[in-house]
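Position 81 of the sequence shown, counting from 1, maps to 80 under numbering that gives the first Met the number 0, and the rest follow consecutively.
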Amino acid sequence: MLRPVLLDRYIDVILRRRWLVLALATLIMLVTGAGLRFITTAYDYRILFSEDNPHLIAFDALENTYSASDNALIAVAPREGAVFTKEALGALEELTEAAWKAPYSSRVDSLSNYTHSRAEGDDLIVEPLVHETSALNAADLVRIRKIALNSTEIAGRLVSRDGRMGALAITFFLPENQSAAVFEITDYLQSVLAQARARHPDIDYYMTGSVVINRVFADAPQAENKILVPIVFLVIVGLSIILLRSVFGALAIVAVLLSAIISTMGAAGWFGLVLSPTNAGVPVIVMVIAIADSVHIVTSFLLGRRRGLEKNAAIAESILINANPVLITSVTTAIGFLSLNTSDSPPFRVLGNCVALGVLCAFIYSMTLLPAILSILPSRAPRVRSKGSAFFDLLADFVIARRTFLLVFLSLV
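This is the structure:
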């Protein structure tokens, strides 16, 4: 707990040296924020497990004994009819040829390169089931359909059992830097499918597999952050202006938010932490915690201004009122997130450590940068809305008068 005497001295220094505090806070933010360029992101599912995880060790042993299972599956689905047409089989044949050129591909399986053997007299002929689709006739298509649907090696694997969809299975041998390889592979496959859709507009293409899923793990958080983070930020700014009825108060809060987020993520970069889709929400969490700290200080400051206090006096009163509650909240929140270090999954440990660091940054900036900015920015006492005050007065009277009933009733609920 911070003693009032120490707080008085602390507040006096902050307000007298407000420009110095602003400069130092900005410098710290820039220095820590420089680490943003060192942030690396991994999308391999292996990062979800510790190196000594018994299940991962057993899985690695299985792959070392047999083979890796990094793959992609492309489904070819004609919008009408079955896959046993010259156009659909031709599309499969084109994709098969292109798949062999995919980065790190080691094997490609499809109807077009499935090896089928048949007897003609005393001769045994071994050839691809589908070859040169442009030369196929109706009898050939019937023969291919019959062989494919009756083969236990093909039906349900390279062609659906009802014959409406064909598949192309690609096996990859990935290098050590799997994340970069996943991007390279999926970019190539997407370009191939884009060309296939242009050539065969009546055919739909679908793609899945471990390599594709890893790419989705990478793209989904980035796409969400590009949309959700700005939306959350704008909502916070808008509500702050509306509820506080102070543009400058909202600007001071925004400064704290940005400083806390930049310092947190920059420090994560300096420490060499590897982010993943599991902890991609760190900026939003830190933003929420920072607004929770700063809004109390700004609200108390504005209430002091409404009562006629001089600006610095209102800031001092606000810090005296909120320093200990904000400190206790920050400490307990940090402890809660640090408890994620007991998790067996490294990304959750990174999440806990980053948010705990963000809590510390939010507290420091709320107690230094925020009062300095409030002291520098112009401010005036906002008008009090009598209706709003009357409503909360009535609510408070009701809660106090019915406290026993509310305690029992809400506990039961």
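Quick reminder that beta carbons are idealized off the backbone N, C-alpha and C, glycines included. The model shown is predicted, which means the values in this text are computed figures rather than measured ones.
| Asked | Found |
| --- | --- |
| Taking all protein chains shown into account, do 16 or more other C-beta atoms lie within 10 angstroms of the C-beta of Y205, making it buried, or fewer, making it exposed? | exposed |
| So who's on the other strand from R244, going by DSSP bridges? | Answer is none; R244 lacks a bridge partner. |
| Grab me the residues of S245's own chain with a C-beta within less than 8 Å of its C-beta, minus the 5 sequence neighbours each way, in chain order. | V297, L301, S378 and P381 |
| Can you give me the start and stop residues for the beta strand (DSSP E) that M206 sits inside? | I202 to T207 |
| Applying the 10 Å Cβ sphere with the 16-neighbour rule, what's the burial state of D69? | buried |
| Please go through the same chain and pick out, in chain order, the residues whose beta-carbon is closer than 7 Å to the beta-carbon of L350, but skip the five residues on each side of it. | T277, N278, V281 and L339 |
| What would DSSP say about A76, mapped onto helix, strand or coil? | strand |
| Please look up how many angstroms separate the CB atoms of V107 and T95, rounded, as I've assumed it's under 8 Å. | 6 Å |
| Look at L188 and S109 and say whether their C-beta atoms are less than 7 Å apart. | no |
| Could you tell me the alpha carbon to alpha carbon distance between A322 and M366, rounded to whole angstroms? | 8 Å |
| Mind checking S184: buried by the 16 CB within 10 Å criterion, or exposed? | The residue asked about is misnamed: residue 184 is Ile in this sequence, not Ser. I184 comes out buried. |
| Excluding the five sequence neighbours on either side, which residues of its own chain have a C-beta within less than 7 Å of the C-beta of L319, listed in chain order? | P3 and L6 |
| Could you give the residue range of the beta strand (DSSP E) that holds T170? | G165 to F171 |
| CA-CA distance, L373 and G248? | 7 Å |
| I'd like the list of long-range same chain contacts for A315, defined as Cβ closer than 6 Å, with 5 residues on each side in sequence excluded. | I10 |
| Name the DSSP bridge partner or partners of N70? | T170 |
| Does the stretch 186 to 203 come within contact of the stretch 125 to 139, defined as at least 3 CB pairs closer than 8 Å? | no |
| Taking only three categories from DSSP, how would you classify R214? | helix |
| Mapping the DSSP letters down to three states, classify E96 as helix, strand or coil. | helix |
| Quick check: the Cα distance between L257 and L21, rounded to an integer number of angstroms? | 14 Å |
| What are the boundary residues of the alpha helix (DSSP H) that includes V30? | R17 to G32 |
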